[in-house]
Amino acid sequence: MNESLSYLRSAVPQKFKGEILPTVEGIDGVKYTEFNHVREPIATVPNDPKFDSQYAPQLVNAPKAWDITFGSEDVTIAVIDTGTDYTHPDLDGQFGSQKGRDFVDNDDDPAPQSAQHGTHVSGIAAGETNDETGIAGVSNSRLLSCRALGPNGGRTADIANAVQWATEQGADIINMSLGGGGYNQTMKNAVSNAWDQGVLLICAAGNHKDSDPPSQQDVSYPAAYEECVAVGAVDSNKSPTEFSNYGEKVDIAAPGNDILSSVPGGDYAQFPGTSMASPAVAGVAALGLDRHDWSVSQARQNLLDTAQPLDADGQFVGFGLADAYNFVTAGGGTENEPPIVTLKDDSRTVSVNEEVIFNASGSRDPDGSITNYRWEFGDGSDPVEGADATEVSHTYANTGEYTVTVTATDNDGAEATTSVSVSVTDESKDRLTEELSGSLDGMLDYDKQTYSLKTESPMQLILSLDGPSDADFDLYVSFDGRTPTPNDYDRASYTQDSSEQIIIDDFSQVSEIGILVYVYSGSGDYTLTLEEIGKTGS
1 MNESLSYLRS AVPQKFKGEI LPTVEGIDGV KYTEFNHVRE PIATVPNDPK FDSQYAPQLV
61 NAPKAWDITF GSEDVTIAVI DTGTDYTHPD LDGQFGSQKG RDFVDNDDDP APQSAQHGTH
121 VSGIAAGETN DETGIAGVSN SRLLSCRALG PNGGRTADIA NAVQWATEQG ADIINMSLGG
181 GGYNQTMKNA VSNAWDQGVL LICAAGNHKD SDPPSQQDVS YPAAYEECVA VGAVDSNKSP
241 TEFSNYGEKV DIAAPGNDIL SSVPGGDYAQ FPGTSMASPA VAGVAALGLD RHDWSVSQAR
301 QNLLDTAQPL DADGQFVGFG LADAYNFVTA GGGTENEPPI VTLKDDSRTV SVNEEVIFNA
361 SGSRDPDGSI TNYRWEFGDG SDPVEGADAT EVSHTYANTG EYTVTVTATD NDGAEATTSV
421 SVSVTDESKD RLTEELSGSL DGMLDYDKQT YSLKTESPMQ LILSLDGPSD ADFDLYVSFD
481 GRTPTPNDYD RASYTQDSSE QIIIDDFSQV SEIGILVYVY SGSGDYTLTL EEIGKTGS
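In the UniProt record's numbering, the protein residues as written are 1 to 538.
See the structure below:
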């Protein structure tokens, strides 16, 4: 009850709403009754003079989302296309000092030579809104232009390089209003890497609706890769356009028929195509990412889950029409996956006061990023932690058995832990070191060695191979002096580089070992270091 305003609020079952007002009004002391109606915010109307000629922002519910956020430069949309006229009055404020890159001409100027496509796409996604100029883009986000298409289209390698470069530049969203050709492993590698780095990839589904029977409708690549959101096109009536691909592989839809946007030279034009629908979804995604710290998988799922259902007359257009307001106000998301923590070595044996290096650089987060590593060394020393603490060093003052634990925390607060055991031995034992060197040239080349042990059993033996950083050399050992092979050995180390190590503890009853340094790929010089830790008997 609110005594100041003299009213009492009460919940009423739906089935009694028609009769409740007359009944309550008949009670002594009741002056009036009325329903507690739901009010909604009045959607923002931007001051862009061409806004009334647009329908795409309105159809994806952007004006209502703008009551909450217009987007910001903290979210970057990379547009991989024919290049963007970054001097256009509706776009010049959306670029930072880094305008982008030209992968066709291999230079740092991503402006188009003549094509209008990329500038049009950029305006849809992030033409400056509420600036009293031209059109209203769906979001006021930062733009990054990647020119990977020339007058006759673009090479897959250029497009893949653009995806990689945009990822490295910190793009949050990559829009690709392009397609053609089939599955390509290089392109697959590029989009997989971008996804793993937390980049949301938005792609046009294609404009070939009538090229196949309805039962065979598909989407073009790169939209067909599982990491990408495939966008189909609808018209101003929310009906699938006459050109848009549809079918089970389309994820979501957006306006794509006669879309008004920017073109080079400060002008504006209307273009049709799923190429125009894709950046509308990219703009919607940018609005949501400005308000939520979602992982890429959460952002993708929420984008689809908050879409408006469509009556597509049997033409499947995914989850429906992208909805900016629903996406911006969405809560939760898919369940977060914890990091996967990997240590390079399973166990270590070291001497007192010897520096030990621990490496967890192979760790990753499947649906986000790792924001902190915390190392505990098991000897009572202070933990070491930090976002960049993938490799740390430590020394032990006393002999004993220790457990080293590393805990990784991701951007959603989930943690995962793994550990490695460390045995610290008495430094009074003798340490004998010998180095062997050689050079190998090409796949399947090898060097074989035999080595006679000099310390008494039991002892510890450490073999360390240091080869070329751009090659893959492997290390194999036999315990009876025979020459080992990749198919016949007692111990081996074969990671994907040329830094290999084999540690053999409590080594006994062996006087000679066989060694094979083998090339899996590459060529160059190497150094093989052998360390014996034990009593020499002298």
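All C-beta atoms, glycine included, are put in the ideal place defined by N, C-alpha and C.
A direct Cα-to-Cα measurement between Thr407 and Ile340 gives close to 10 angstroms. In the structure shown, the three-state DSSP call for Ser437 is strand. In this model, Ala62 and Tyr325 are separated by some 6 angstroms (Cα to Cα). Inside the stretch 160–246, DSSP marks whole beta strand (DSSP E) runs of 3 or more residues at positions 173–176, 200–204, 228–234, from first to last along the chain.
Lys99 is classed as buried because its beta carbon has at least 16 other beta carbons within 10 Å across all chains shown. Per DSSP, Gln301 is one residue of the alpha helix (DSSP H) stretching across 296–305.
Where Ile124 is concerned, the enclosing alpha helix (DSSP H) starts and stops at 117–126.
As computed with DSSP, Asn372 is found in a beta bridge with Thr409.
Going by C-alpha positions, Asp90 is about 18 angstroms away from Leu287. In the three-state reduction of the DSSP assignment, Gly481 falls in the coil class, being assigned neither a helical nor a strand state. Between Leu143 and Ala126, the beta carbon gap of about 5 angstroms places them in contact (Cβ cut-off 8 angstroms). Between Val219 and Val250 the beta-carbon gap is near 6 angstroms, inside 8 angstroms, which marks them as a contact. Of all C-beta pairs linking the stretch 151–167 to the stretch 262–276, fewer than three are shorter than 8 angstroms, placing the two stretches out of contact.
The C-beta distance from Gly318 to Gly232 rounds to 7 angstroms, short enough to meet the 8 angstroms contact threshold. At the C-beta level, Thr274 and Ser239 stay beyond 8 angstroms of one another. Beta-bridge pairing by DSSP links Met459 to Phe507.
Annotated as distal: Ile513 and Ile462, with beta-carbon spacing of 8 angstroms or more.
Per the DSSP secondary-structure output, Pro255 pairs in a beta bridge with Val234. Here DSSP, grouped into helix, strand and coil, assigns Ser72 to coil.
Beta bridge pairing from DSSP links Gln270 with Leu260.
Taking Gly71 as the centre and dropping the five residues before and after it, the same chain places the C-beta of Ser139, Asn140, Ser141, Ala286, Leu287, Asp290 closer than 6 angstroms to its C-beta, in chain order. For Phe358, no alpha helix (DSSP H) run applies; the uninterrupted beta strand (DSSP E) run containing it begins and ends at 356–359, by DSSP. At a Cβ-Cβ threshold of 8 angstroms, Asp497 and Asp472 count as neighbours. Per the C-alpha coordinates, the member of Thr485, Val328, Val79 positioned closest to Gln449 is Thr485. Counting along the chain, the unbroken beta strand (DSSP E) around Gln449 starts and ends at 446–452. Shown here, Glu337 sits in coil according to DSSP, grouped into three states, outside any helix or strand.
Beta-bridge annotation (DSSP): Ser469 is not paired with any residue.
In the assembly as shown, Arg147 is a buried residue. Its beta-carbon has 16 or more other beta-carbons within 10 Å. Looking at the DSSP output, Ser423 bridges to Thr349, Glu401. Taking all protein chains in view, the Cβ of Pro255 is crowded by 16 or more other Cβ atoms within 10 Å, so the residue is classified as buried. A check of alpha carbon separations from Ile174 across Gly134, Trp195, Tyr489, Asp525 identifies Trp195 as the nearest. Minimum Cα-Cα distance from Asn372 among the listed residues Glu354, Pro338, Arg491 corresponds to Pro338. In this structure, Leu440 sits near Ser523, with a CB-CB distance shorter than 8 angstroms.
One thing to note: Asp81 has its Cβ within 8 angstroms of the Cβ of Val121. Annotation: Val510 to Leu453 spans about 8 angstroms, alpha carbon to alpha carbon.
Taking the Cα positions, Glu531 is about 16 angstroms away from Val424.
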